[in-house]
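Its first residue numbered 2, the sequence shown is counted upward by one per residue in our numbering.
Don't be surprised by glycine CBs; every beta carbon is placed ideally from N, CA and C.
No experiment lies behind these values; they were computed from the predicted model shown.
As structure tokens, the structure follows; a few thoughts come after it.
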Amino acid sequence: MARNREAYHEYFVEEEIEAGIELVGTEVKSIRAGTLNLKDAWCGIKDGDMLLNQMHISPYDHGNRFNVDSRRPRRLLLHKREIMRLYGKVKQDGYALIPLSVYFKGSRVKVKVGLCKGKKLYDKRQAAAEKDAKR
């Protein structure tokens with residue numbers, strides 16, 4: 002459904018994790034309509050839960066009073082030991098949890114989260130040079 006293409010430009014993706022996401026009905030209908038934006042989205046761990054922050058889901062057209070805030074934090078569904086393992090890695094300098102894509106698996110909405118390390122400017126230049134050399 003949606004990919005965070007900017008994440009691959011800004012970060013080295015070291016590990017990918019598939020997680021479920023807790024949504025309300027109108028959000029699922031809105032995602033099916035394709036009104037989802039992952040730009041500037043990030044994941045954080047708070048009180049033992051992993052939250053997806055700043056992901057924009059436009060309000061559903063026919064949702065009226067059932068619509069919720071479009072940028073509210075949404076809980077990601079992972080096993081507790083997975084969350085604690087990721088928390089240990091994120092505490093290291095330079096690591097972040099970034100949503101890479103959102104897609105349907107059957108009738109369920111899944112989020113692919115990447116354990117990422119930020120790229121420096123020279124890394125971005127090197128990646129661009131390799132891309133040009135490939136052409």
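- Bridge partners of TYR12 according to DSSP: GLY119.
- Taken in chain order, the unbroken stretches of alpha helix (DSSP H) that lie wholly in the segment 9-91 and span 4 residues or more are 26-33, 81-91.
- If you ignore the 5 residues before and after SER59, its C-beta comes within less than 7 Å of the C-beta of SER31, THR36, SER71, all in its own chain and listed in chain order.
- Under the three-state reduction of DSSP output, ARG136 falls in the coil class, being neither helix nor strand.
- The shortest CA-to-CA distance from ARG66 to any of LYS81, GLU28, ARG82 is the one to GLU28.
- Across the set GLN127, LEU122, LEU79, the C-alpha of LEU79 shows the shortest separation from the C-alpha of CYS44.
- Around the beta-carbon of TYR123, fewer than 16 other beta-carbon atoms lie within 10 Å, marking it exposed.
- Counting only residues of its own chain and dropping the five nearest sequence neighbours on each side, VAL112 has a CB closer than 7 Å to the CB of ALA20, ILE22, LEU53, LEU77, PRO100, VAL103.
- In this structure, HIS63 and ASN38 do not form a Cβ contact; the two beta carbons are roughly 20 Å apart against a cut-off of 8 Å.
- Distances from the alpha-carbon of ALA128 to those of HIS10, ARG4, ARG6 put HIS10 closest.
- The residues LYS40, in chain order, have a CB closer than 7 Å to that of GLU7 in the same chain once the five nearest residues on each side in sequence are set aside.
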